[in-house]
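Undergrad: Residue numbers (this note's numbering): 118 to 200. Pasting a structure below so you can have a look.
Next up, the structure:
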């Protein structure tokens, strides 16, 4: 599954709204199954955590002063070394 990038095509307010909705969903997300008289109820959190993480990354890109700087990748190079 491709990573979600909410910093493209969404405003800060829209991402904050998506973030708030999914945080509220954490409290009430349950999945139920019934088979041969037995019932199982399980929280379905994995999809919500993916969206929350994507919102957090987008907010770091869209508003770095409020939400912190994004993750940095550092690269170094070595020039020609004479023998």
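Backbone N, C-alpha and C fix where the C-beta goes; we use that ideal spot for every residue, glycine too. No experiment lies behind these values; they were computed from the predicted model shown.
Between the Cα of residue 186 and the Cα atoms of 176, 152, 165 and 192, which residue gives the shortest distance?
TA: Taking only the C-alpha atoms, the option nearest residue 186 is 176.
Undergrad: Would residue 136 and residue 169 qualify as a contact pair, given that the criterion is a beta-carbon distance under 8 Å?
TA: Contact: yes.
Undergrad: Quick check on residue 132: does DSSP put it in helix, strand or coil?
TA: Residue state, collapsed to three classes: helix.
Undergrad: Quick check on residue 157: does DSSP put it in helix, strand or coil?
TA: If DSSP states are grouped into helix, strand and coil, residue 157 belongs with the strands.
Undergrad: Under a Cβ-count criterion, where at least 16 other Cβ atoms within 10 Å of its own Cβ denotes burial, should residue 180 be classed as buried or exposed?
TA: Exposed.
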